[in-house]
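Chemist: Input: one structure, supplied below.
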Amino acid sequence: FLRLGNRLRAPQGATVASFAGVTVENLRCDGFRMPLAMSGIPGHRISDVALRNVELVRRGAPAMAEGGGWIPHSAAFAANDAAPAEKAGDYPEAGMFGPLPARFLFARHVDGLTIKNLRLKANAAAKPLPAAAVSDVPLFWFDDIEDARFADIHAPNASGPICNTASPCRPAITLSGAR
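Sequential numbering from 38 applies to the sequence shown in this note's numbering.
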C-alpha cells in the first residue's frame, strides 16, 4: 500500500511532500487477498515505483462478500468501472478506499511504474472463481498514470481484461511474457 495524501497536520505553511523512488523486490505473499494499491492525489503523483520478482499466492476459497485480490466484487461495482473517492485528507490505511475495481493492482496518480517478473498463483485448495465473478474486473486498474512498463507477467487461469477500458496509460503500457 503506497499512499501520498494531503492531511497537512503539520505546522502552518506545510505542503504536500513527494513520494518517490520505491522498489519492492523478491517478495512472496502467501495468502494474497486484496489488490496492491498505489494512490497519489491530483497534482501530486507518486513517482518511480518498481515491483520486481513478486509472487502472490491466493489460498483457499474466497467469500463472495470480501473485496480485492482475485476475490470477486459485487457485479454492480465491477461493471461500472468506478474508482473509489480520492479521500486526500483521510488517514492512510490499506482499506481506506473500500473494494477496489482490480484483481492485482489499483494505481492512480503515478509517474514511472515498472512491474517485472510478476507471478499470480492459486494453490490447489483454492476453488476457481466462477467466470462471471471476474470477467469484467481487470487485473490492473489505472488512472492518471505516466510511463508504465510491464514485463514477464504470469497469471495462470486468469480471465478477464488486463487493464480497465478507460485507462489513459493504455498506449504507454507494453506487456511481454504475459500468460
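The beta-carbon is built from N, C-alpha and C at its ideal position, and this holds for glycine as well. Here the structure is a predicted model, which is why all the values come from computation and not from measurement.
1. Between which two residues does the beta strand (DSSP E) containing His81 stretch?
2. Quick one: what does DSSP say Ala68 is sitting in, helix, strand or coil?
3. Could you check whether the stretch 175–184 touches the stretch 149–156, counting it as contact only if at least three pairs of C-beta atoms, one from each stretch, sit closer than 8 Å?
4. Starting from Met75, trace the beta strand (DSSP E) both ways and give me its first and last residue.
5. Do Gly77 and Leu45 have their C-beta atoms closer together than 8 Å?
6. In this structure, does DSSP put Asp173 in helix, strand or coil?
7. Of the residues Val174, Gly126, Ala125, Leu157, which one's Cα is nearest the Cα of His191?
8. Can you give me the Cβ contacts of Val61 inside the same chain, cut-off strictly under 6 Å, excluding the 5 residues immediately before and after it?
Modeler: From the atom records:
1. Translated into the one-based positions of the sequence shown, residue 81 becomes position 44. For His81, there is no enclosing beta strand (DSSP E), as DSSP marks it with neither H nor E.
2. Residue mapping note: residue 68 aligns to position 31 of the sequence shown, counting from 1. Looking at the sequence itself, residue 68 is Gly, so the reference to Ala does not match. The answer is coil: DSSP assigns Gly68 none of H, G, I, E or B.
3. The stretch 149–156 and the stretch 175–184 touch, with three or more beta-carbon pairs separated by less than 8 Å.
4. The residue you call residue 75 lines up with position 38 of the sequence shown. From DSSP, the beta strand (DSSP E) with Met75 extends over 73–76.
5. Along the sequence shown, read from residue 1 onward, the residue named residue 77 stands at position 40. Along the sequence shown, read from residue 1 onward, the residue named residue 45 stands at position 8. Cβ distance not < 8 Å, so Gly77 and Leu45 don't count as in contact.
6. Counted from its first residue, the sequence shown places residue 173 at position 136. The answer is coil: DSSP assigns Asp173 none of H, G, I, E or B.
7. Reading the sequence shown from its first residue, position 154 is the one you call residue 191. The alpha carbon of His191 has as its nearest neighbour, out of Val174, Gly126, Ala125, Leu157, the alpha carbon of Leu157.
8. Taking the sequence shown and counting its residues from 1, one reaches residue 61 at position 24. Same-chain partners within the cutoff: Leu88.
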